[in-house]
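Protein chains: 2
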Amino acid sequence: MRDAIALLERTPAVLDALLRNLPDAWTQTNEGPDTWTVFDVLGHLIHGERTDWMPRVKIILEAGETRAFEPFDRLAQQRESAGMSLPELLDVFAGLRRESLDQLRALNLQPPDVERRGRHPALGVVTLGQLISTWVVHDLTHLHQISRVMAHQYRDAVGPWSAYLGVLQCEGHST
Amino acid sequence: MRDAIALLERTPAVLDALLRNLPDAWTQTNEGPDTWTVFDVLGHLIHGERTDWMPRVKIILEAGETRAFEPFDRLAQQRESAGMSLPELLDVFAGLRRESLDQLRALNLQPPDVERRGRHPALGVVTLGQLISTWVVHDLTHLHQISRVMAHQYRDAVGPWSAYLGVLQCEGHST
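Quick mapping for you: the protein sequence lines, in order, are chains B and S. Residue numbers for the first sequence, in numbering that gives the first Met the number 0: 0 to 174. Residue numbers for the second sequence, in numbering that gives the first Met the number 0: 0 to 174.
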């Protein structure tokens with residue numbers, strides 16, 4: 000749990016250091032039709048903070064396996080980010096993540112709690128420990144995606160070096 | 000050039016926000032035999048700063064296609080990082096990157112300069128613009144790699160969610 004929180008609490012500062020005031024050529028461009036910009040990814044992270052992670056922790060603690068989680072809306076950011084600037088999204092995400100981790104620490108979970116069970120609407124029985132680990136790897140999935148989306152913008156500019164640059168070989172891993 | 004420098008100058012702060020004082024479980028672990036830890040990646044970035052990017056810019060400006068670049072040593076960090084701590088590597092990288100970009104800005108390159116040609120020992124003729132773009136995508140390749148190496152440490156911990164987490168589907172793209 001300590002290792003998980005160490006990473007979760009760093010993500011807003013990582014995204015801030017990478018993205019605040021970066022030219023739109025990096026943040027408002029995508030990898031082609033039906034792919035996400037960096038701006039879209041930030042909106043998705045915000046939606047997860049509002050509706051997914053701590054809400055699911057609470058469902059497990061309150062209802063265990065008897066109540067399935069709400070399905071996650073992977074396109075909600077298109078509505079919710081409308082009219083916002085990228086620095087605003089960074090600020091909103093940082094504030095929500097801080098609140099999430101304050102709530103998580105306040106639960107004062109003990110080692111046996113990670114075995115507590117909940118019900119995912121598609122995956123079936125999952126544990127609280129798996130949920131928290133997934134929150135961490137979800138952050139890392141989107142950092143991985145952001146690096147790939149930004150690298151894509153220089154796919155032609157690097158010329159023959161493209162063969163040596165791993166991120167340009169990555170075709171994404173959407174499910 | 001402006002967009003490239005905007006990203007290059009952010010990388011040390013991104014790595015600092017992500018890695019400084021992070022538990023060793025994230026930074027001293029790898030993806031299996033003959034793969035790199037996050038600590039190894041930092042050493043590799045330092046070696047690139049010392050021997051690759053600005054040295055190659057200078058070779059292009061001084062000698063054009065008449066002098067091939069020195070080949071890049073992809074294993075040098077195993078010698079050079081020995082005995083150093085991860086925070087020390089972050090400090091060294093930040094200092095070297097600052098010096099590199101000071102030198103790059105001092106050259107006051109103009110738009111036609113990006114077409115100046117050099118010779119890569121394996122790839123043949125390349126341009127100064129391709130070199131600078133490659134420097135950027137090299138940073139992004141290693142940010143992509145670091146997210147993947149860290150996510151790997153939770154591969155089992157996420158349980159059935161692994162199917163939904165793109166970074167866990169990525170098998171790397173070493174050349």
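Think of the CB as a built atom: it goes at the ideal place given N, C-alpha and C, for glycine as much as any other residue.
Notebook entry, point to check: What residues match up with R116/S in a beta bridge as DSSP calls it?
Noted result: T126/S
Check: Which residues mark the beginning and the end of the alpha helix (DSSP H) in which M53/B is found?
Finding: 52–62
Notebook entry, point to check: Which stretch, first to last residue, makes up the alpha helix (DSSP H) that contains R97/B?
Noted result: 85–105
Next item on the list: Kindly say whether Q109/B, judged by its beta-carbon, lies nearer than 7 Å to any beta-carbon of chain S.
Entry: no
Note to self: Please state the DSSP three-state secondary structure of T174/S.
What the structure shows: For T174/S, the pLDDT reaches just 47, beneath the cut-off of 50, and the residue's location in the model is therefore unreliable, although a value from the coordinates is still provided. Of the three classes helix, strand and coil, the one that applies to T174/S here is coil, per DSSP.
Checklist line | For A81/S, three-class secondary structure by DSSP | finding: coil
Margin query: Using C-beta distances below 8 Å, list every residue in its chain close to W160/B, excluding the 5 sequence neighbours before and after it, in chain order.
Written below: none
Next item on the list: Assuming R116/B and V124/B form a contact by the criterion Cβ under 8 Å, report the distance between their Cβ atoms to the nearest whole angstrom.
Entry: 6 Å
Checklist line | Test: T174/B CB closer than 7 Å to a CB of chain S | finding: Because T174/B sits at a pLDDT of 47, beneath the cut-off of 50, its placement in the model cannot be relied upon, and the point is left open.
Item checked: V113/B CB to nearest heavy atom of the ligand SAH below 6 Å -> What this structure holds is no ligand at all, so the ligand SAH is not there to describe.
Next item on the list: Please list, in chain order, all residues of the same chain as L88/S whose beta carbon is under 8 Å from its beta carbon, the five residues on each side excluded.
Entry: F38, L41, G42, I45, S80
Margin query: For a cutoff of 7 Å on Cβ pairs, would you count S132/S as touching chain B?
Written below: yes
Next item on the list: Identify the continuous alpha helix (DSSP H) that holds R1/S and give its terminal residues.
Entry: 1–7
Notebook entry, point to check: Are the C-beta atoms of D51/B and some chain S residue less than 7 Å apart?
Noted result: no
Note to self: Once DSSP output is grouped into helix, strand and coil, what is the label at A156/B?
What the structure shows: coil
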